[in-house]
Each structure stands twice: as C-alpha cells, then as structure tokens.
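Enquirer: The listed protein sequences derive, respectively, from chains A and B.
So the first sequence is numbered by the working numbering: it starts at 149 and just counts up by one.
So the second sequence is numbered by the working numbering: it starts at 149 and just counts up by one.
What follows is a single structure, and I will ask about it in a moment.
Protein chains: 2
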Amino acid sequence: MSSQTSWIAVDWGTSNLRAWGIGRDGSTTFSASSEKGMGRLEREQYPAALSEVIEARANGIETVDVLIAGMAGARQGWLEAPYLDAPADLRGLSAGAVSPSMPKEFRVRILPGVCQKSPGAENVMRGEETQLLGLSRLIPGFSGVVCMPGTHSKWAVLDGVRLESFATAMTGELYEVLRQHSVLRHSLNGNLDGPGREEGFREGLEAGLSHPDLLTGNLFTVRAASLLSGKEADWCGGYLSGLLIGSEIGGRKEWVGKQEVPLIGSPGLCALYTRAIEQLGGSARTIDASEAILTGLKAAREFDSH
Amino acid sequence: MSSQTSWIAVDWGTSNLRAWGIGRDGSTTFSASSEKGMGRLEREQYPAALSEVIEARANGIETVDVLIAGMAGARQGWLEAPYLDAPADLRGLSAGAVSPSMPKEFRVRILPGVCQKSPGAENVMRGEETQLLGLSRLIPGFSGVVCMPGTHSKWAVLDGVRLESFATAMTGELYEVLRQHSVLRHSLNGNLDGPGREEGFREGLEAGLSHPDLLTGNLFTVRAASLLSGKEADWCGGYLSGLLIGSEIGGRKEWVGKQEVPLIGSPGLCALYTRAIEQLGGSARTIDASEAILTGLKAAREFDSH
C-alpha cells in the first residue's frame with residue numbers, strides 16, 4: 149500500500165491534523181490523523197508531530213513529499229507562510245509556500261493563507277483558501293458567494309480560481325464562549341439535544357434573520373425564557389444556535405438568494421445553514437469539507453508543477 | 149451616629165452588596181459594603197453576610213429595618229421575590245416585597261424585580277426597577293427611554309412611575325467573555341489603556357453604529373487588525389468596546405434622538421454611551437447609579453407606608 153504513495157496531503161488546523169497519502173493516479177492510499185493541532189504545539193514539536201502521523205506509511209518512500217494547508221503556516225505555527233493578498237489568484241498558492249527545515253528525506257511545504265487589507269474590512273484566512281481552490285475544481289466555472297460555516301465562518305466571493313473578497317463571522321466561537329462562560333450557561337446546563345431543540349432553533353433563527361441588528365439584545369432571551377417560561381437546556385441551546393446563525397446570515401441577505409450557495413463544512417452544520425438560507429428564499433448545496441481541502445491540495449500541487 | 153439611623157437601604161447585586169444607613173430626615177448616616185454578592189453565597193449564608201456589613205452600625209437600634217433591592221430576591225438568591233409584570237406601576241414594588249426569616253430584632257424585606265412576558269420579548273430585571281423608581285424622583289415627570297449601561301445593559305420605556313417595557317443587551321458581558329475566552333484574547337493581551345484605545349474605540353463605534361447587523365463579522369476585525377496592521381491591545385480593546393456599544397445602540401436608533409436619554413451607571417461607561425448617542429444626533433445625561441438606587445429604595449419605602 150505505502151509503496152504506491154506518491155505524496156502526502158495535510159490539513160493542519162488549530163485543533164488537529166489530518167494526512168492523506170496520494171497515489172500516482174490521485175487515489176487516496178491512506179488517511180491518518182492526530183490531535184496535535186497548532187493550538188497544542190510549540191514550534192519545535194511540529195517535525196515529530198508530522199512524523200508520528202505519517203511514518204508508518206512513509207516507509208520505503210525515497211523522498212517524503214508533503215504539502216500542508218492551514219494553521220501550521222500561521223505566525224504562531226511551524227513556519228509563517230506570508231499571506232497572499234485578496235483579490236488573489238488561488239493558482240498562486242503553491243508559489244507562496246514555505247519550506248520548514250527537515251531531514252533531507254523529507255520535502256515539506258506549507259501553503260500560505262490569504263489576507264484582505266481593505267480598511268474597515270481587514271481579514272485573514274488559513275486553510276479555507278485551499279478549500280476554495282478545491283471548490284473551483286468540484287464546481288467548474290463557479291462564480292458567486294461561498295459559505296464555510298464553522299468556529300469562524302467564512303463568506304467568500306469567488307470567481308473561478310480568483311478569490312475576490314471575504315468576510316468572517318465568529319458564530320461558532322460565540323456559541324461556545326457564551327455556552328461555557330456567560331450567564332447563559334445556567335440555562336444551557338443540561339441535555340442540549342432534547343426534543344425542544346428544534347423549536348428553540350426555529351424561534352432563534354427567525355429572530356436572528358429578521359433582526360440581526362438586535363443580536364446583543366436577543367441573546368438575553370435565552371436567559372429570560374428559561375426563567376419565565378421554564379425553557380429547558382435543549383430549547384435554549386437550539387435558540388442560541390438559531391439566533392447566531394440567523395444573525396450571521398440575516399446581516400448578509402444580499403449574498404443569499406441570487407444563486408445556489410455552496411456550503412463547505414460538516415453535514416450537520418451545513419444542514420442548519422441550508423435551512424436559514426432557504427428561509428430567505430435562497431438555496432444551498434453542501435460540499436464535504438474534507439473533499440474540498442483534499443481537492444484543493446491536489447490542485448495546488450498541480451499548479452506547482454506547471 | 150448609629151443612634152440616628154432609622155432604617156437601612158441595601159443594594160444586593162451579583163458581585164457585591166452595599167448598605168446605607170438612613171436617618172429620620174432622609175440623610176445617609178453610614179455606608180458600608182462587602183463582596184458577598186449573590187454569586188458567592190449559598191442561601192443559608194445571607195443572614196450572616198448582611199449582619200457582617202451592618203452590625204457595627206446597628207447597635208442600639210431596637211428594630212433593624214432593612215429594605216433590599218437586587219439579586220438577593222432571585223430564585224437562586226436569599227428568598228425569591230416574584231417579579232412584577234411589565235407594564236408595571238413601580239409604586240407597587242414594596243407591596244411585592246418578601247420577608248426572609250431573621251431573628252426578631254430584624255425586619256428585612258426584599259423588593260421584587262420586574263419581568264416582561266411578551267412572546268419574543270421575554271425579559272427580566274432585578275435592581276434596575278428600583279433605579280427607575282429613583283429616576284422618577286430625580287427627574288420628576290420624566291417620560292421616555294432610559295438606558296442603564298453595564299454587564300447587562302437595560303433599556304426601559306418609562307412614563308413617570310410606570311415601567312412600560314424594557315430590553316436587555318449583553319454588551320458588558322460579551323466584552324468580558326470575548327476578552328478572556330475567545331481567539332480575540334491573543335489581541336487583547338497587554339496594556340488595554342494605552343494611547344491607541346481612543347482611536348480603536350472611535351473606529352469600533354463607527355462600525356457598530358453603522359452596521360449593528362454585522363456584529364458577528366466585525367468582531368473578527370479585532371484579530372485581523374492585530375495580525376495585519378500590528379494593532380496593539382489598547383487599540384483592540386477600544387475597538388471591541390466601541391463595536392459592542394455601537395452595535396447595542398445602532399440597533400435601537402429609534403430610541404435615541406427624540407429627547408435627552410438619562411443614563412444610569414458608572415461615570416466612565418456613561419461617558420462612552422454619551423458619545424455614541426451624540427454621534428447619532430441625540431443627547432444624554434448621566435445619573436449616578438448609587439444615587440438612583442438609593443433614591444429608589446427611599447421612594448419604595450415611602451410608598452410602602454402609604
């Protein structure tokens with residue numbers, strides 16, 4: 149198996165790292181992962197963290213050729229890969245890659261992220277740009293708005309392989325910090341996946357979509373509803389999720405409804421975003437995040453050898 | 149001194165408790181405080197926490213008459229004082245007070261909070277209703293919108309002693325949880341009060357006032373600006389503060405500009421809210437929070453004896 153591996157694709161995020169062996173014909177020869185994401189590593193620990201994940205698979209390969217996307221290229225990561233500037237031609241990702249020092253049997257490159265320096269709209273991404281390059285392969289000729297829901301949701305305006313501009317919404321992280329650290333935790337302390345979650349999500353989504361400008365106020369509804377109407381943790385968790393997703397999308401109505409919005413993310417989260425987009429009269433299509441990044445890493449490597 | 153004390157007014161919040169001795173002529177005979185707020189107390193610890201603060205002052209008083217406003221009356225406090233329903237006549241606060249059991253030389257009453265049960269606008273307050281009753285004395289005949297900035301900012305529509313409706317914005321708490329627990333903490337780790345704070349506040353305020361609907365997105369600007377433009381913690385802290393206050397007020401533009409908005413809170417925070425309101429063409433007037441609650445407690449006691 150491992151003798152067929154031609155190179156190794158790596159998605160190195162904040163909380164974990166995933167690696168795929170790629171054969172000469174483009175097929176996946178193995179996949180492996182570890183929880184040694186950027187958030188848990190000091191700079192000098194990266195070579196060992198990479199070796200641990202791939203070494204059993206890399207035996208017998210003369211040169212271990214590794215292409216990495218994501219947070220390993222951040223300033224606080226392994227080796228900083230300076231951002232490309234948006235608008236950016238994503239075929240240029242490989243040319244912007246950096247090579248950390250490794251024993252000579254390794255050839256490791258880390259792709260850059262993309263930044264946007266426009267005053268008032270400064271922004272950064274690392275990893276999503278490679279997913280977007282993947283999307284340009286998965287939906288050839290796509291031109292329009294792409295949404296990548298998650299801890300920090302990204303909304304990108306893409307035209308083929310050209311990334312025009314993008315925005316970030318801290319939706320997933322807001323959910324987590326409010327659930328764990330705010331007064332709302334008292335209302336979210338219980339079974340979050342009970343039968344009330346659906347009703348809570350629906351009401352929160354409606355509030356967020358119709359009044360994204362009142363988010364700081366509507367958040368407190370979670371607490372008031374549990375105190376006054378005895379709403380349980382499941383309803384409250386659903387409301388908070390719906391309110392945050394609704395506020396994210398409700399503030400970007402101009403980006404929804406013109407054409408199908410590709411959603412790159414986990415199936416569960418993409419299903420919630422699809423509901424929100426459909427409620428505004430739009431439509432969405434889910435693309436698996438792993439497929440997008442793997443396709444993007446393959447595309448980046450191809451452009452490299454051109 | 150203590151022999152002149154007629155009764156004791158107490159503001160018992162989540163993080164501390166403050167007590168004032170009141171003489172027969174309404175003057176303050178002493179003031180004392182402790183950090184034994186609701187958040188730090190079990191139910192059975194309230195009597196001792198109260199005694200500790202007032203006992204040195206209460207010697208020689210035959211009946212220690214204590215009137216309490218705030219979180220001591222919450223379900224998780226000393227003894228639940230069921231909410232009045234908004235719209236509410238604040239002269240009815242005393243009639244809704246509850247009496248926890250105490251030795252017979254004490255007469256202790258806890259004022260209720262106010263709730264709002266309207267579907268989609270459920271809300272609760274405890275303590276602010278007493279400040280609002282105080283405001284009705286401090287600005288006789290006032291009718292309009294009052295803002296009480298803080299951890300959970302309250303906006304109330306008041307007509308004399310009648311509380312028509314109210315809303316909450318989790319502005320102060322959002323600042324704290326984002327500063328301490330989100331990815332933004334990396335950008336806020338340093339001197340928050342440096343010279344860049346003013347510029348950051350101004351830019352954040354502008355973004356929040358003009359686009360309260362994009363709050364989840366603009367939050368990430370803090371991170372991007374520190375990564376791309378080398379903004380320091382002072383700028384980032386100012387931006388976050390301005391963005392959150394701007395978003396709170398920007399979503400309520402219909403409440404600002406018609407007439408002077410009384411602000412009940414700390415002078416520093418009220419100064420920031422005043423800037424935001426003035427930027428929308430309105431005007432504001434700061435009322436000290438302690439003066440408001442003390443005046444409110446006195447008024448509640450007077451209505452009680454009528």
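Beta carbons are placed, not taken as given, at the ideal position from N, Cα and C, and that holds for glycine.
Since the structure is predicted, the reported quantities are computational estimates derived from the model, not experimental observations.
From the DSSP output, read off the bridge partner residues of residue 303 (chain B).
Expert: Counted from its first residue, the second sequence places residue 303 (chain B) at position 155. B:295 and B:315.
Enquirer: Does DSSP put residue 169 (chain B) in a helix, in a strand, or in coil?
Expert: Sequence index remark: in the second sequence, residue 169 (chain B) carries index 21 (1-based). Three-state result, residue 169 (chain B): strand.
Enquirer: Rounded to a whole number of angstroms, what is the C-alpha to C-alpha distance between residue 239 (chain B) and residue 337 (chain B)?
Expert: Here the question's residue 239 (chain B) lines up with position 91 in the second sequence. Here the question's residue 337 (chain B) lines up with position 189 in the second sequence. Taking the straight line from one Cα to the other gives about 47 Å.
Enquirer: If you drop the 5 nearest sequence neighbours on each side, which residues of the same chain put their C-beta closer than 6 Å to that of residue 370 (chain A)?
Expert: Indexing the first sequence from 1 puts residue 370 (chain A) at position 222. Excluding residues within five positions, the ones whose Cβ falls inside 6 Å are 332, 335, 384, 387 and 388.
Enquirer: Counting contacts by CB-CB distance shorter than 9 Å, is residue 173 (chain B) in contact with chain A?
Expert: One-based indexing of the second sequence puts residue 173 (chain B) at position 25. Not closer than 9 Å to any Cβ of chain A, the Cβ of residue 173 (chain B) fails to qualify, so no.
Enquirer: For chain A, check one thing: does any of its Cβ atoms lie closer than 9 Å to the Cβ of residue 231 (chain B)?
Expert: Reading the second sequence from its first residue, position 83 is the one you call residue 231 (chain B). Yes - at least one Cβ of chain A is within 9 Å of the one on residue 231 (chain B).
Enquirer: By Cβ distance, which residues of its chain are closer than 8 Å to residue 290 (chain B), with the 5 residues on each side in sequence left out?
Expert: Locating residue 290 (chain B) in the second sequence gives position 142, counting from the first residue. Excluding sequence neighbours, residue 290 (chain B) sits near 283, 284, 306, 308 and 410.
Enquirer: Just the Cα atoms here: how many angstroms apart are residue 401 (chain B) and residue 362 (chain A)?
Expert: The residue given as residue 401 (chain B) occupies position 253 in the second sequence. The residue given as residue 362 (chain A) occupies position 214 in the first sequence. Near 11 Å, if we compare the C-alpha coordinates of residue 362 (chain A) and residue 401 (chain B).
Enquirer: Going by CA-CA distance only, name the one from B:231, B:167, B:191 and B:174 that's closest to residue 205 (chain B).
Expert: Numbered from its first residue, the second sequence carries residue 205 (chain B) at position 57. It is B:167 whose Cα lies nearest to the Cα of residue 205 (chain B).
Enquirer: Starting from residue 416 (chain B), trace the alpha helix (DSSP H) in both directions and tell me its first and last residue.
Expert: Mapped onto the second sequence, residue 416 (chain B) falls at position 268. Element bounds for residue 416 (chain B): 415-427.
Enquirer: Using a Cβ cut-off of 9 Å, pull out every chain B residue sitting near residue 263 (chain A), in sequence order please.
Expert: Taking the first sequence and counting its residues from 1, one reaches residue 263 (chain A) at position 115. Within 9 Å Cβ-Cβ: 372, 375 and 376.
Enquirer: Using only CA atoms, which one of A:164, A:398, A:442 and A:431 lies nearest to residue 356 (chain A)?
Expert: As a first step, residue 356 (chain A) must be located in the first sequence, where it is residue number 208. Measuring from the Cα of residue 356 (chain A), the nearest candidate turns out to be A:398.
Enquirer: Measure the C-alpha to C-alpha separation of residue 243 (chain A) and residue 366 (chain B) and round it to an integer number of angstroms.
Expert: On the first sequence, residue 243 (chain A) is found 95 positions in, with the first residue counted as 1. On the second sequence, residue 366 (chain B) is found 218 positions in, with the first residue counted as 1. So the two alpha carbons sit approximately 31 Å from each other.
Enquirer: Over the uninterrupted beta strand (DSSP E) stretch that includes residue 153 (chain A), give me the two end residues.
Expert: Within the first sequence, the letter at position 5 stands for residue 153 (chain A). 153-160 is the extent of the beta strand (DSSP E) around residue 153 (chain A).
Enquirer: Mind checking which residues open and close the beta strand (DSSP E) that includes residue 176 (chain A)?
Expert: Taking the first residue of the first sequence as position 1, residue 176 (chain A) is located at position 28. Its beta strand (DSSP E) spans residues 176-182.
Enquirer: Does residue 360 (chain B) come within less than 9 Å of chain A when only Cβ atoms are used?
Expert: Within the second sequence, the letter at position 212 stands for residue 360 (chain B). At least one chain A Cβ lies under 9 Å of residue 360 (chain B).
Enquirer: Shorter than 9 Å from the beta carbon of residue 276 (chain B) to some beta carbon of chain A?
Expert: Position 128 of the second sequence, counting from 1, holds the residue named residue 276 (chain B). It does not: the Cβ of residue 276 (chain B) has no partner Cβ on chain A nearer than 9 Å.
Enquirer: Please confirm if residue 296 (chain B) has its CB atom under 9 Å from at least one CB of chain A.
Expert: Start at 1 with the first residue of the second sequence, and residue 296 (chain B) comes out as number 148. False, the Cβ-Cβ gap to chain A never drops below 9 Å.
Enquirer: Is residue 330 (chain B) close to chain A? Criterion is C-beta to C-beta, closer than 9 Å.
Expert: Looking up residue 330 (chain B) in the second sequence gives position 182. Yes - at least one Cβ of chain A is within 9 Å of the one on residue 330 (chain B).
Enquirer: In angstroms, rounded to a whole number, what distance separates the CA positions of residue 261 (chain A) and residue 277 (chain A)?
Expert: Position 113 of the first sequence, counted from the first residue, corresponds to residue 261 (chain A). Position 129 of the first sequence, counted from the first residue, corresponds to residue 277 (chain A). Looking at the two C-alpha atoms, the distance is approximately 6 Å.
Enquirer: Please classify residue 429 (chain A): is it buried, with 16 or more other beta-carbons within 10 angstroms of its beta-carbon, or exposed?
Expert: Counting from one through the first sequence, the residue named residue 429 (chain A) turns up at place 281. Exposed: under 16 other Cβ atoms inside 10 Å.
Enquirer: State buried or exposed for residue 224 (chain A), treating a residue as buried only when at least 16 other CB atoms are found within 10 Å of its CB.
Expert: Stepping through the first sequence from its first residue, residue 224 (chain A) is reached at position 76. Flag for residue 224 (chain A) reads exposed.
Enquirer: Please state whether DSSP places residue 337 (chain B) in a helix, a strand or coil.
Expert: Position 189 of the second sequence, counted from the first residue, corresponds to residue 337 (chain B). In the structure shown, residue 337 (chain B) sits in coil (DSSP, three-state: anything other than H, G, I, E or B).
Enquirer: Please state whether DSSP places residue 218 (chain A) in a helix, a strand or coil.
Expert: Working through the first sequence from its first residue, we reach residue 218 (chain A) at position 70. Residue 218 (chain A): strand per DSSP, three-state reduction.
Enquirer: Against residue 272 (chain A), what residues of chain B qualify as contacts under a CB-to-CB distance less than 8 Å, listed in chain order?
Expert: For the purposes of this step, residue 272 (chain A) is taken as the residue at position 124 of the first sequence. By Cβ distance, chain B contributes 371, 372, 375 and 376.
Enquirer: Can you find the residues in the same chain that come closer than 8 Å, C-beta to C-beta, to residue 269 (chain B), ignoring five residues on each side of it along the sequence?
Expert: Residue numbering aside, residue 269 (chain B) sits at position 121 when the second sequence is read from its first letter. Counting only Cβ-Cβ distances below 8 Å, and skipping sequence neighbours, we find 313 and 315.
Enquirer: So with CB distances below 7 Å, who are the chain A contacts of residue 148 (chain B)?
Expert: The question about residue 148 (chain B) has no answer, for chain B in this structure spans 149 to 454.
Enquirer: What separation, rounded to the nearest whole angstrom, lies between the Cα atoms of residue 287 (chain B) and residue 177 (chain B)?
Expert: Here residue 287 (chain B) refers to the residue found at position 139 when the second sequence is read from its first residue. Here residue 177 (chain B) refers to the residue found at position 29 when the second sequence is read from its first residue. Roughly 24 Å separates the two Cα atoms.
Enquirer: With a CB to CB cut of under 6 Å and the five nearest residues on each side skipped, what residues in its chain are close to residue 444 (chain A)?
Expert: As a first step, residue 444 (chain A) is located in the first sequence; it is residue number 296 there, counting from the start. So the qualifying residues of the chain are 278, 279, 281 and 282.
Enquirer: Rounding to the nearest angstrom, what Cα-Cα distance links residue 406 (chain A) and residue 423 (chain A) in this structure?
Expert: For the purposes of this step, residue 406 (chain A) is taken as residue 258 along the first sequence, with counting starting at 1. For the purposes of this step, residue 423 (chain A) is taken as residue 275 along the first sequence, with counting starting at 1. The alpha-carbon atoms of residue 406 (chain A) and residue 423 (chain A) are separated by roughly 16 Å.
Enquirer: Can you name the residues of chain B whose CB is closer than 8 Å to the CB of residue 396 (chain A)?
Expert: Along the first sequence, one-based indexing puts residue 396 (chain A) at 248. Chain B residues near residue 396 (chain A): 364 and 365.
Enquirer: Would you say residue 315 (chain A) faces chain B, with C-beta separation under 9 Å as the test?
Expert: Along the first sequence, one-based indexing puts residue 315 (chain A) at 167. Yes, its Cβ sits closer than 9 Å to a Cβ of chain B.
Enquirer: Near residue 125 (chain A), what residues of its chain come up, given a Cβ to Cβ distance below 6 Å and the 5 sequence neighbours on each side ignored?
Expert: Shown here, chain A extends from 149 to 454; a query on residue 125 (chain A) therefore has no answer.
Enquirer: Quick one: Cα of residue 209 (chain A) to Cα of residue 439 (chain A), how far?
Expert: Along the first sequence, read from residue 1 onward, the residue named residue 209 (chain A) stands at position 61. Along the first sequence, read from residue 1 onward, the residue named residue 439 (chain A) stands at position 291. Those two C-alpha atoms are separated by around 25 Å.
Enquirer: Where do the N-terminal and C-terminal ends of the beta strand (DSSP E) with residue 435 (chain A) fall, by residue?
Expert: The count along the first sequence starts at 1 and reaches residue 435 (chain A) at position 287. Unbroken beta strand (DSSP E) run through residue 435 (chain A): 432-436.
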